[in-house]
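Trainee: For what it's worth, the working numbering labels the leading residue of the sequence shown as 5, then goes sequentially.
Right, I'll just put the structure down here and ask away after.
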Amino acid sequence: MGIKFTHARACCLAGLGIVFTSAVQGQVLAQSIRGSITSQEIGDTGCYLTLRSDTGSVTTQIADFELCTRHPKLPGKNVELGFTLKQVMDESCGGNPDCKKTRRVPVATTVKILGDAAPAMSTNQALERVSNCTATELVVFACRTGTKLVSVCADPASGPKKGYLQYRFGKPGNREALEINWPENGLPPQAAATGSTETFSGGGAAWLRIRKGTYAYVVYSGIGRWGPKGQTQSKEGVVVEHQGKAIASLKCTQAATSELGPAWFDQVGVQSRGETFDLPD
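Here it is in structure tokens:
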């Protein structure tokens, strides 16, 4: 399948306030992304690439017009996209061509073709790549910490007195060989864990603590002004505690999947019970 041309898309792009000004050159970004291209559309003023990552997540990337005309048959290919910051019309313009407001966004300007894409993963396969939960379970929290996965899995219908929650840790793809699977028989979330949300200037956080004897495993997700010069950054990972003291901290090496927050806590009856948690540096 080759490139798909659509003139109708151009008007829609303008309506979304996305108009390319290719004459304005911006900063080349060091970050690149890899994945397989599943679709490619080009309008009068821009190009859109649908990208499926190795974990099965799907995103749409804005690409430079010239990139798509040079490479009209990207669907079905594994690629690495490079990005440049470019000036585009600000969303507040509402597509008005006379509007002078602009904003800078990452635009794919280079592509490296790595080979043909593998067949699409099933839902079960995709879930197993990003968590140790099954396709019928709710992924309460999951992320990679190097070669292993941190996962908190639950019955989607869990409530204060029903369902179950389990903390799982180990390499993906083999639940029989998990290093930790606790509580072994599963308990309702309210009985298995404590948790809470925190709000502060510039962000907030949520945490969930699962106890196993004198040990505890605390998964967390937060965002705040922790970066250089107060830039907003996220913090996600798991802290292992022994007798109330942190003895290990594993940070997520990829963005976490998380349901932690007031809505889920209220649904399953999870409360702090007077406990606190400080996000690690």
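Backbone N, C-alpha and C define an ideal beta-carbon position, used for all residues, glycine too.
What you are looking at is a predicted structure, and each value in this text was computed from that prediction instead of being measured.
Alpha helix (DSSP H) containing D120: first to last residue?
Mentor: Position 116 of the sequence shown holds residue 120. No alpha helix (DSSP H) contains D120, which is instead part of the beta strand (DSSP E) from T106 to D120.
Trainee: What number of angstroms, rounded off, separates the C-alpha of A67 from the C-alpha of P192?
Mentor: Position 63 of the sequence shown, counted from the first residue, corresponds to residue 67. Position 188 of the sequence shown, counted from the first residue, corresponds to residue 192. Those two C-alpha atoms are separated by around 47 Å.
Trainee: Skipping 5 residues on each side, what residues in its chain have a beta carbon closer than 7 Å to that of V220?
Mentor: Here residue 220 refers to the residue found at position 216 of the sequence shown. As written in the sequence, residue 220 is Ala, which differs from the Val given in the question. Result list for A220: R213, I214 and E245, in chain order.
Trainee: Secondary structure at E45, three-state DSSP: helix, strand or coil?
Mentor: The residue labelled residue 45 in the question sits at position 41 within the sequence shown. Looking at E45 - three-state DSSP - the assignment turns out to be strand.
Trainee: Take the Cβ of D285 as the centre, count every other Cβ of all protein chains shown within 10 Å, and call the residue buried at 16 or more, exposed below.
Mentor: On the sequence shown, residue 285 is found 281 positions in, with the first residue counted as 1. With fewer than 16 Cβ atoms within 10 Å of its Cβ, D285 is classed as exposed.
Trainee: Which value, in whole angstroms, describes the spacing of the CA atoms of V156 and Q237?
Mentor: If you number the sequence shown from 1, residue 156 lands on position 152. If you number the sequence shown from 1, residue 237 lands on position 233. Spanning the two alpha carbons is a distance of roughly 23 Å.
Trainee: Runs of 3 residues minimum, wholly inside the stretch 168-225: which ones carry the beta strand (DSSP E) assignment?
Mentor: Entirely contained in the stretch 168-225, the beta strand (DSSP E) runs reaching 3 residues are, in chain order, 169-174, 184-191, 197-204 and 207-216.
Trainee: Identify which residue in G174, L169, S205 and N185 has its Cα closest to the Cα of A195.
Mentor: Reading the sequence shown from its first residue, position 191 is the one you call residue 195. Ranking G174, L169, S205 and N185 by Cα distance to A195 puts L169 first.
Trainee: Considering only the alpha carbon of each residue, which of G39, R277, A267 and I37 lies closest to G163?
Mentor: To locate residue 163, count along the sequence shown from 1; it is residue 159. It is A267 whose Cα lies nearest to the Cα of G163.
Trainee: Who are F87's beta bridge partners in DSSP?
Mentor: The count along the sequence shown starts at 1 and reaches residue 87 at position 83. BP columns for F87 point to A112.
Trainee: Decide if F269 is buried, meaning its Cβ has at least 16 other Cβ atoms within 10 Å, or exposed.
Mentor: Your numbering for residue 269 matches position 265 in the sequence shown. With 16 or more other Cβ atoms within 10 Å, it is buried.
Trainee: Hey, how far is the Cα of K8 from the Cα of Q235?
Mentor: Locating residue 8 in the sequence shown gives position 4, counting from the first residue. Locating residue 235 in the sequence shown gives position 231, counting from the first residue. Confidence is the limiting factor: at K8 the pLDDT is only 39, short of 50, which leaves the residue's position unreliable and the question unanswerable from this model.
Trainee: Run the CB neighbour count on G19, radius 10 Å, all protein chains shown included, and call it buried at 16 or more, exposed below.
Mentor: As a working mapping, residue 19 is identified with position 15 in the sequence shown. Residue confidence for G19 is low, a pLDDT of 28 falling below 50, so the modelled location carries little weight; the figure read from the coordinates is stated next. Exposed: under 16 other Cβ atoms inside 10 Å.
Trainee: Using a Cβ-Cβ cut-off of 8 Å (strictly less than) and excluding sequence neighbours within five positions of V62, which residues of its own chain qualify?
Mentor: As a position in the sequence shown, residue 62 is number 58, starting the count at 1. The answer, listed in chain order, is T42, T54, L55 and R56.
Trainee: Starting from F145, trace the alpha helix (DSSP H) both ways and give me its first and last residue.
Mentor: Here residue 145 refers to the residue found at position 141 of the sequence shown. Per DSSP, F145 belongs to no alpha helix (DSSP H); it is in the beta strand (DSSP E), L142 to T149.
Trainee: For the alpha helix (DSSP H) that C4 lies in, which residues bound it at each end?
Mentor: Since the first residue of the chain shown is 5 and the last is 285, residue 4 is not available in this structure.
Trainee: Determine the closest residue to V272 out of T201, T114, Q44 and K166, with distance taken between C-alpha atoms.
Mentor: Position 268 of the sequence shown holds residue 272. It is K166 whose Cα lies nearest to the Cα of V272.
Trainee: What is the DSSP secondary structure of K233, reduced to helix, strand or coil?
Mentor: Here the question's residue 233 lines up with position 229 in the sequence shown. Helix, per DSSP.
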